[in-house]
Each structure stands twice: as structure tokens, then as C-alpha cells.
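Peer 1:
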Amino acid sequence: MGEICHNCKSEDTFFDGELYQCIHCRYMWVPETSVKSLKPQNPVVEEPKSPKKNLAEKV
Numbered sequence: 212m213g214e215i216c217h218n219c220k221s222e223d224t225f226f227d228g229e230l231y232q233c234i235h236c237r238y239m240w241v242p243e244t245s246v247k248s249l250k251p252q253n254p255v256v257e258e259p260k261s262p263k264k265n266l267a268e269k270v
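Take 212 as the starting number for the sequence shown in the working numbering and just add one per residue.
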């Protein structure tokens, strides 16, 4: 599974399980798929479960 080096554009790269590394210039980078998976897909929004509970707290 090779990627093109982001630095020198060489195709001689390898994946060590976490990062890609270029054999020529030793540049290392994170694969794009794991960068996307680190971003939250659905931001957590806390909503009141019961409107009645909120009214009781305000009283």
C-alpha cells in the first residue's frame, strides 16, 4: 500500500502502522484516512431530555 511522498513526490514510501515514511527524504506523514477519522463526525450537542424537567428546575 504505497502513497506518494508529500515532500519529494517519490513513490518509495512505506506504512509503519501509524505513519507513512518516505525512503528517499525520510519525510513522515499521517494517512488522510486517519486524519478524517480523528475529526468528530457528529458534534455532541446536549439537549434537554424532558421539557418538564427544565420547567421544574426554573421554578
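Don't be surprised by glycine CBs; every beta carbon is placed ideally from N, CA and C. Quantities reported herein were computed from a predicted structural model and do not represent experimental measurements.
For Tyr231, which residues does DSSP report across the bridge?
Peer 2: Residue 231 sits at position 20 when you count from the first residue of the sequence shown. Looking at the DSSP assignment, Tyr231 forms a beta bridge with Phe226, Trp240.
Peer 1: Taking all protein chains shown into account, do 16 or more other C-beta atoms lie within 10 angstroms of the C-beta of Cys233, making it buried, or fewer, making it exposed?
Peer 2: As a working note, residue 233 is residue 22 in the sequence shown. Cys233 should be labelled buried.
Peer 1: Assign Cys216 to buried or exposed, taking buried as 16 or more other Cβ atoms, counted over all protein chains shown, within 10 Å of its Cβ.
Peer 2: The count along the sequence shown starts at 1 and reaches residue 216 at position 5. It is buried - the Cβ of Cys216 has at least 16 other Cβ atoms within 10 Å.
Peer 1: So, at 7 Å on beta carbons, what are the nonlocal neighbours of Trp240 in its own chain, with the 5 sequence-adjacent residues on each side left out?
Peer 2: Working through the sequence shown from its first residue, we reach residue 240 at position 29. So the qualifying residues of the chain are His217, Leu230, Tyr231.
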